[in-house]
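Structure, as structure tokens:
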Amino acid sequence: MLAKVYSSAVLGIDGYLVEVEVDVSAGLPGLTLVGLPDIAVKESKERVKAAIKNSEFNFPVKKITVNLAPADIKKEGVGFDLPIAIGILGASGEISNEDLEGYVFAGELSLDGEIRPIRGILPMALSAKENRKKGMVVSHANADESAVVEGLDVYPVSTLHEVVNFLNHKINITPYSIDLRKVFSENNKYDLDFQEVKGQGHVKRALEISAAGNHNVLMIGPPGSGKTMLAKRLPTILPSLTLLEAIEITKIYSVSGLLPKHLSLIATRPFRSPHHTISDAGLIGGGHSIRPGEISLSHNGVLFLDELPEFQRDVLEGLRQPLEDEVVTISRAKNSISYPARFMFVGAMNPCPCGFLTDERKECICTPLQIHKYFSKISGPLLDRIDIHIEVPNVSYKDLAKEKETEESSSEIRKRVNKARKVQKKRFEKEGIYTNSQMKPRHIKKYCKIKDSSKELLKTAIDNLGFSARAYNRILKISRTIADLEGAPDILDTHIAEAIQYRSLDRGYWLDARL
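Here the sequence shown stands for residues 2 to 516, numbered as in our numbering.
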């Protein structure tokens, strides 16, 4: 007898339906799995057999063939346990087949028939809705995440026995639902605030500009100057997530198995800060079983690399293409998977190996050669993708003694950022880009026109301050963002002058001072 059951799997961060075909026929007893199953799927044979027996159902002593279609895509994970068990029970007559094809089943089975949660359930639920299935049967622990998909009935279950009784109409299970808008608004709050940062007014200003134009930032300063503290608060001044952005982020974390328990939707912008010992697969993505890397986990948020020169050079070079394309494609011999990677990059480093070159209170012990070697760890092509270089000095006692309330809060800064982003959205609505940082040379020529006096100012900067040629377009982009923050239609000399201040590494004064 033949039974068909639908399940779902994940490719990249998107779900797709898998048709589980089960044939029970006369022949030598055994269970055969076909359809490119991986080791975890193959091992489901023993879990399914034990779960069916321990749930007090009869496991057919016949030849059982299970096909997972489409057969040309490798199937991974433990989520096929439940649909395979339901298919076997359907083919052997334990379950009525009339409703089986209307549901999508996904879950891991324990040996006693308990249904355990799996990762990647959100993209699976979205796939079920797109294919117009009337419901999805999942573990209770996956119910909140599945219910994020509006228009899909989610049936949370605890055991295989409960699922069989539900399909045989012996019990009724009320579809599980959540108030998505309420969940989104409740979770859309940050624990950190810029008001907690004492002093560093010019650094806060630079980060406000970076948030307004989505510019990448490199902070340079001695240890203890507050670089990490400032970076952690950058997401709090970025525009609030839209619901679609939140769902996209949640899909990535769900597939990675990093979605916190009892959290159905990630509604704040991610902040990722990997250690400098991370591998290229850990940062970019990949591995034996391809998984999203830190750049994808930072999607729609901030990727912060502290002690930037300490990262392996090949790891840093892997950032170049994602920073440009906002997507990372991982290719293998048999398949290729793309993950979204639209993030704001923030780096932090010391001005020299010992960290005290620019510190007025401690003497630097580094040689010119050591300083040169330290800075050379960051390549020109990567530096070319960082718009703003900002110096972060130590905080004075006067600033530390200030009351917290005298500092500007994140919500106040975010209002100005949102206003500037709206200007950019309207400006680029027919250009296929969204922020000033994404401007190509043709956009710069069109939207960054400057007066003759501003051109003279730029000429002086390039000739006298030793600016590199690549700094020219970066300065214009930053100037455009500064003008947007002020609501100015044109770029003025003051905007150019301020933008020039944010190109510290182009001046190269650390090296010049020591050589």
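Don't be surprised by glycine CBs; every beta carbon is placed ideally from N, CA and C.
Candidates 239, 258, 268: closest to residue 182 by CA position: 268
Residue 510 (DSSP reduced to helix, strand or coil): Confidence in residue 510 is poor, its pLDDT being 44 and thus under 50, which makes the residue's placement unreliable; the coordinate value appears in the next sentence. In this structure, residue 510 counts as helix in the three-state DSSP scheme.
For residue 357 and residue 535, believed in contact at Cβ under 8 Å, the rounded distance: In the structure as shown, the chain begins at 2 and stops at 516. Residue 535 is therefore absent and cannot be evaluated.
Separation of residue 303 from residue 346, as counted between CA atoms: Straight-line Cα distance between these residues: approximately 6 Å.
When 141, 139, 146, 135 are compared against residue 154, the one with the closest alpha-carbon: 135
DSSP three-state assignment for residue 177, whether helix, strand or coil: strand
Cβ-based burial, residue 159 [other Cβ within 10 Å; buried from 16]: Counting the other CB atoms within 10 Å of its CB gives residue 159 a total below 16, which places it among the exposed residues.
Contacts around residue 305, its chain only, beta-carbon distance under 6 Å, and the 5 residues preceding and following it disregarded: The residues are 232, 274, 347.
Residue 482 and residue 437 closer than 8 Å at C-beta: With respect to residue 437, residue 482 sits close: the two C-beta atoms are nearer than 8 Å.
C-alpha gap between residue 96 and residue 263, whole angstroms: Distance between the alpha carbons of residue 96 and residue 263 is about 32 Å.
Neighbourhood of residue 114 by C-beta, 7 Å cutoff - its chain only, sequence neighbours within 5 removed: 52, 55, 56, 160, 161, 162
Buried or exposed by the 16-neighbour rule on C-beta atoms within 10 Å, applied to residue 511: Confidence at residue 511 is low in this model, with a pLDDT of 45, below 50, so its placement is unreliable and the value that follows should be read with caution. Buried: at least 16 other Cβ atoms inside 10 Å.
Classification of residue 3 by the beta-carbon crowding that lies within 10 angstroms, buried from 16 upward: exposed
Inside the stretch 306-394 only - alpha helix (DSSP H) runs reaching at least 4 residues: 314-318, 321-326, 369-376, 381-384
Inter-stretch contact at 8 Å, needing at least 3 Cβ pairs: the stretch 464-479 / the stretch 205-225: yes
Contact check, residue 63 vs residue 26, beta carbons under 8 Å: yes
Three-state secondary structure assigned by DSSP to residue 70: strand
Cβ pair residue 65, residue 89 closer than 8 Å: yes
Outcome for residue 459 when other beta-carbon atoms lying within 10 angstroms are tallied against a minimum of 16: buried
Rounded separation between residue 47 and residue 117 - CA only: 16 Å
Coil, strand or helix - residue 517 by DSSP: As shown, the chain starts at 2 and ends at 516. That puts residue 517 outside it, with no answer to give.
Neighbourhood of residue 514 by C-beta distance below 6 Å, restricted to the same chain and skipping five residues each side: Confidence in residue 514 is poor, its pLDDT being 40 and thus under 50, which makes the residue's placement too unreliable to answer from.
Local Cβ density within 10 Å of residue 363, reported as buried at 16 or more and exposed below that: exposed
Test item: CB-CB of residue 200 and residue 360 under 8 Å: Contact: no.
Same chain, Cβ closer than 6 Å to residue 220, five either side skipped, listed in chain order: 228, 349, 391, 393
CB of residue 1 within 8 Å of CB of residue 7, strictly: Nothing about residue 1 can be reported from this structure: the residues present for the chain run from 2 to 516 only.
Three-state secondary structure (DSSP) of residue 448: Residue 448 falls in the helix class under three-state DSSP.
Which residues DSSP lists as bridging residue 160, in chain order: 115
Buried/exposed call for residue 86, threshold 16 Cβ in 10 Å: buried
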